[in-house]
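Residue numbers (UniProt numbering): 1 to 445.
Step one of this worksheet: look at the structure below.
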Ligand code: GDP
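Below is the structure:
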């Protein structure tokens with residue numbers, strides 16, 4: 001998980017602060033020294049760290065902390081606010097032209113940063129927001145690039161405009177925009193060529209495209225795992241070509257998080273999205289405030305709620321509530337709620353967002369809810385007849401034996417599942433009872 005060790009270190013610093021009744025200037029200085037070390041170890045650029053500590057120190061050693069009622073909390077609040085500032089304060093969206101006017105987005109980045117993948121991810125996002133995107137294959141140098149874009153485009157249901165690898169990228173961009181105009185597309189996303197290193201010819205090509213067509217947004221894709229290199233690349237691209245925003249890929253594999261914390265402060269351009277995996281749905285909007293609270297171990301409850309909302313079908317949720325009230329849940333419902341959790345993006349990602357989920361706790365819960373076990377539970381439930389699923393009381397030993405054989409598990413696993421299910425049903429009954437008595441009370445008063 002990104003920021004894992006930074007998060008842990010900062011939480012320790014704050015734990016010490018919180019345990020003190022009153023903070024002295026020396027306490028704050030010692031704490032900030034540790035924060036500084038933690039940030040440097042997370043590969044945040046030195047200049048950024050220096051400024052950050054200066055800002056926090058100025059605010060923390062001011063009257064707020066000295067007169068504050070709860071000085072420890074005050075420091076945490078200041079660090080939190082300064083972390084948010086560092087990452088850009090506000091969430092920035094990709095700017096699009098209004099209505100059906102065509103917005104041209106140029107994607108740039110070094111080879112391997114994840115540009116082609118991200119281009120398709122962005123197309124999918126825009127499509128889900130009701131836009132009509134067209135992808136344009138302008139990387140004519142890497143032999144597999146066009147094909148890769150076509151495959152990804154197909155996966156997200158977005159057309160890819162290509163003219164093979166014999167044409168000039170500027171001509172391809174022009175023709176793609178023409179194609180968009182004639183076919184009702186309102187966003188054209190140009191997948192440009194990457195190079196292994198920042199070089200003149202790459203910059204020149206991007207400048208040529210910019211000069212020839214009306215590029216509305218230039219978005220740079222950088223790999224979070226390259227840390228300060230990603231920050232330098234962003235700075236160089238911004239100076240040479242001019243960028244509007246950055247997409248930080250592979251944040252799922254970046255345990256340090258230095259790039260996420262330094263990019264805005266170094267090149268002045270915001271992070272728009274972060275890549276959280278290889279799947280084309282693994283692209284998340286970047287919220288500086290949520291990221292800061294994630295780093296400080298306060299959990300990213302907002303993201304969690306949003307994810308849940310996007311994935312849970314309201315109709316199903318209502319019918320579940322009805323059943324809950326009547327305590328009529330069967331195994332089908334059990335399976336349904338399990339699948340909903342899976343849809344939310346896997347247990348681990350979900351758990352990471354919960355407040356106070358440090359490494360140890362996370363591991364414990366993860367073990368209990370591992371996805372293999374979920375698959376096993378699914379197999380058992382699918383081996384039941386519809387009647388058995390609706391009415392678990394039917395499950396006698398011979399039926400259990402049949403189910404175990406069907407799912408390829410030991411009968412003890414089936415017993416465990418039934419026991420677990422009975423327990424949750426009991427809990428549901430109690431909850432349902434509580435709901436009923438609450439509404440009864442409401443009626444009375
Ligand atoms: P390009 O050369 O910049 O076009 O890079 P690609 O789009 O081909 O991506 C390079 C590799 O990075 C591929 O294996 C992608 O699946 C992978 N990748 C891209 N984005 C992410 C991400 O957010 N997380 C992870 N884990 N892998 C990613």
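Every residue, glycine too, gets a C-beta built ideally from N, C-alpha and C.
What you are looking at is a predicted structure, and each value in this text was computed from that prediction instead of being measured.
Sequence-distant residues of the same chain with beta carbon closer than 6 Å to residue i, five excluded per side
{"i": "residue 443", "result": "Summary for residue 443: the model assigns pLDDT 29, below 50, so the residue's position carries little reliability; its value from the coordinates is reported in the next sentence. Closer than 6 Å at the Cβ level, and outside the excluded window around residue 443, lies no residue."}
{"i": "residue 176", "result": "136, 161 and 188"}
{"i": "residue 474", "result": "Past the boundaries of the shown model lies residue 474; the chain is included only from 1 to 445, so the question cannot be answered."}
{"i": "residue 330", "result": "389 and 390"}
{"i": "residue 9", "result": "38"}
{"i": "residue 88", "result": "264, 270 and 288"}
{"i": "residue 3", "result": "257 and 295"}
{"i": "residue 253", "result": "225"}
{"i": "residue 434", "result": "Interpretation of residue 434 is limited by its pLDDT of 49, a score under 50 that renders its predicted location unreliable; the figure taken from the coordinates is listed afterwards. For residue 434, where only same-chain residues beyond five positions count, there are no Cβ hits under 6 Å."}
{"i": "residue 404", "result": "411 and 414"}
{"i": "residue 7", "result": "295 and 297"}
Close-in-space but distant-in-sequence residues of the same chain around residue i (CB under 7 Å, 5 per side omitted)
{"i": "residue 65", "result": "With a pLDDT of 45 at residue 65, under the threshold of 50, the predicted position of this residue should be treated as unreliable, though the coordinate-derived value follows. So the list reads 23, 28, 71, 74 and 75, once near-sequence residues are dropped."}
{"i": "residue 286", "result": "91, 271, 272, 273 and 274"}
{"i": "residue 284", "result": "273, 274 and 276"}
{"i": "residue 235", "result": "266 and 267"}
{"i": "residue 68", "result": "Model confidence at residue 68 stands at a pLDDT of 42, short of 50, so the residue's coordinates are unreliable; what they give is reported in the following sentence. These residues qualify, in order along the chain: 74."}
{"i": "residue 49", "result": "36, 39 and 40"}
{"i": "residue 163", "result": "172 and 175"}
{"i": "residue 237", "result": "108, 220 and 243"}
{"i": "residue 56", "result": "32, 78, 79 and 82"}
Presumed contact (8 Å Cβ cut-off) between residue i and residue j, rounded CB distance
{"i": "residue 185", "j": "residue 95", "result": "That belief does not hold up - the Cβ atoms of residue 185 and residue 95 are roughly 17 Å apart, past 8 Å."}
{"i": "residue 61", "j": "residue 25", "result": "6 Å"}
{"i": "residue 293", "j": "residue 80", "result": "7 Å"}
{"i": "residue 108", "j": "residue 220", "result": "5 Å"}
{"i": "residue 173", "j": "residue 212", "result": "7 Å"}
{"i": "residue 227", "j": "residue 181", "result": "So it is not a contact: roughly 42 Å between Cβ atoms."}
{"i": "residue 13", "j": "residue 110", "result": "Actually they are not in contact, since the Cβ atoms of residue 13 and residue 110 sit about 35 Å apart, beyond 8 Å."}
{"i": "residue 407", "j": "residue 374", "result": "That belief does not hold up - the Cβ atoms of residue 407 and residue 374 are roughly 13 Å apart, past 8 Å."}
{"i": "residue 241", "j": "residue 263", "result": "About 16 Å separates the two Cβ atoms, so there is no contact after all."}
{"i": "residue 193", "j": "residue 155", "result": "22 Å between Cβ atoms; not a contact."}
{"i": "residue 206", "j": "residue 222", "result": "Incorrect: roughly 15 Å between the Cβ atoms, too far for contact."}
{"i": "residue 104", "j": "residue 190", "result": "7 Å"}
{"i": "residue 124", "j": "residue 280", "result": "6 Å"}
{"i": "residue 42", "j": "residue 251", "result": "The Cβ separation is near 13 Å, so there is no contact."}
Endpoints, the alpha helix (DSSP H) within which residue i is located
{"i": "residue 118", "result": "115-128"}
{"i": "residue 39", "result": "25-41"}
{"i": "residue 170", "result": "169-183"}
{"i": "residue 382", "result": "371-382"}
{"i": "residue 284", "result": "It is not in any alpha helix (DSSP H) - residue 284 instead sits in the beta strand (DSSP E) that spans 283-285."}
{"i": "residue 403", "result": "397-407"}
{"i": "residue 53", "result": "46-60"}
{"i": "residue 233", "result": "228-240"}
{"i": "residue 295", "result": "288-295"}
Range covered by the beta strand (DSSP E) that runs through residue i
{"i": "residue 246", "result": "245-249"}
{"i": "residue 278", "result": "That residue, residue 278, is in no beta strand (DSSP E); it is neither H nor E in DSSP."}
{"i": "residue 108", "result": "103-109"}
{"i": "residue 136", "result": "133-137"}
{"i": "residue 219", "result": "215-223"}
{"i": "residue 156", "result": "Where residue 156 is concerned, there is no enclosing beta strand (DSSP E), although the alpha helix (DSSP H) it sits in stretches over 145-156."}
Same chain, Cβ closer than 8 Å to residue i, five either side skipped, listed in chain order
{"i": "residue 98", "result": "none"}
{"i": "residue 400", "result": "411, 414, 415 and 418"}
heavy atom of ligand 1 below 7 Å from residue i C-beta
{"i": "residue 113", "result": "yes"}
{"i": "residue 276", "result": "yes"}
{"i": "residue 250", "result": "yes"}
{"i": "residue 148", "result": "yes"}
{"i": "residue 257", "result": "no"}
{"i": "residue 109", "result": "yes"}
{"i": "residue 199", "result": "no"}
{"i": "residue 153", "result": "no"}
{"i": "residue 282", "result": "yes"}
{"i": "residue 218", "result": "no"}
{"i": "residue 221", "result": "yes"}
{"i": "residue 118", "result": "yes"}
{"i": "residue 130", "result": "no"}
{"i": "residue 194", "result": "yes"}
{"i": "residue 227", "result": "no"}
{"i": "residue 253", "result": "yes"}
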